[in-house]
Amino acid sequence: MTADTSDDTDRLTRGQARLSEITGRSGEEVMAALGDVAPDFARYIFEFGYGDVYSRPGLDLRARMLATVAGLVCLGHAARELRVHIGSALNVGATREEVVEVIMQMALYAGFPAALDALMIAKEVFAARGLAAKAD
Numbered sequence: 001m002t003a004d005t006s007d008d009t010d011r012l013t014r015g016q017a018r019l020s021e022i023t024g025r026s027g028e029e030v031m032a033a034l035g036d037v038a039p040d041f042a043r044y045i046f047e048f049g050y051g052d053v054y055s056r057p058g059l060d061l062r063a064r065m066l067a068t069v070a071g072l073v074c075l076g077h078a079a080r081e082l083r084v085h086i087g088s089a090l091n092v093g094a095t096r097e098e099v100v101e102v103i104m105q106m107a108l109y110a111g112f113p114a115a116l117d118a119l120m121i122a123k124e125v126f127a128a129r130g131l132a133a134k135a136d
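According to UniProt numbering, the residues represented by the sequence shown are 1 to 136, in order.
As structure tokens, this is what we get:
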């Protein structure tokens, strides 16, 4: 008896499409980076993370990405992922100001050092995209 893998294929395809929609990139970079050490882990990222969780109804991608930024700020040790997900939040409609406000809000829960580090990462992402601060 063989397992039916059509659902897994659908989840993988859905996850790859969702990642592309969010980041503007295919998942080839993720697959390549993990291919020689843990190719199954890359597949799990697509299937579960993007194919299942990010594809759920109930929140739009903008809200999901702002929640993701908040969670990564609270971790305090995910600079690479925070950089990617701040960019992704901008890709799906979040504004510079919303990203900054979410990070500042997390100072209450993650602490000021975590929020400060996150603001410096956000500043780099904004600069790379030409998103200057609004003059008061």
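The C-beta atom is built at its ideal place from N, Cα and C for all residues, glycine as well.
On a predicted model such as this, the values are computed, not experimentally measured, just so you know.
>> Ignoring anything shorter than 4 residues, give me the alpha helix (DSSP H) runs that lie fully in the UniProt domain "Carboxymuconolactone decarboxylase-like" (39-124), in order along the chain.
In response: Segments of the alpha helix (DSSP H) lying fully in the UniProt domain "Carboxymuconolactone decarboxylase-like" (39-124): 39-44, 61-75, 79-91 and 96-110.
>> If I measure Cβ to Cβ from Ala33 and keep anything under 8 Å in the same chain, skipping five residues before and after, which residues do I get?
In response: In the sequence shown, residue 33 corresponds to position 33, counting from 1. Cβ contact annotation for Ala33 (same chain, cutoff 8 Å, sequence separation greater than five): Ala42, in chain order.
> Could you give the C-beta distance for Ile22 and Met65, rounded to a whole number, given that I count them as a contact under 8 Å?
Replying inline: By one-based count along the sequence shown, residue 22 stands at place 22. By one-based count along the sequence shown, residue 65 stands at place 65. Rounded, the Cβ-Cβ distance is 7 Å, consistent with contact.
> In the structure shown, what three-state DSSP assignment does Asp36 receive?
Replying inline: Taking the sequence shown and counting its residues from 1, one reaches residue 36 at position 36. Assignment of Asp36 by DSSP, reduced to helix, strand and coil, places it in the coil class.
> Is it true that the stretch 79-87 meets the stretch 119-129, where meeting means three or more beta-carbon pairs spaced less than 8 Å apart?
Replying inline: Three or more beta-carbon pairs drawn from the stretch 79-87 and the stretch 119-129 are found closer than 8 Å, and the two stretches are therefore classed as touching.
> With Ala89 and Val69 assumed to form a contact (beta carbons below 8 Å), what rounded beta-carbon distance in angstroms separates them?
Replying inline: On the sequence shown, residue 89 is found 89 positions in, with the first residue counted as 1. On the sequence shown, residue 69 is found 69 positions in, with the first residue counted as 1. Sure, about 6 Å apart at Cβ, within 8 Å.
>> Suppose you measure from the CA of Asp7 to the CA of Ser20; what does that come to, to the nearest Å?
In response: Within the sequence shown, numbered from 1, the residue matching residue 7 stands at position 7. Within the sequence shown, numbered from 1, the residue matching residue 20 stands at position 20. Going from the Cα of Asp7 to the Cα of Ser20 covers about 20 Å.
> Distance, Cα to Cα, Leu75 vs Ala114?
Replying inline: Taking the sequence shown and counting its residues from 1, the one referred to as residue 75 is at position 75. Taking the sequence shown and counting its residues from 1, the one referred to as residue 114 is at position 114. Straight across, the Cα-Cα distance linking Leu75 with Ala114 is about 8 Å.
> Ala110 and Val73: beta carbons closer than 8 Å?
Replying inline: What you label residue 110 is simply residue 110 of the sequence shown in a count that begins at 1. What you label residue 73 is simply residue 73 of the sequence shown in a count that begins at 1. With contacts defined by Cβ atoms closer than 8 Å, Ala110 and Val73 form a contacting pair.
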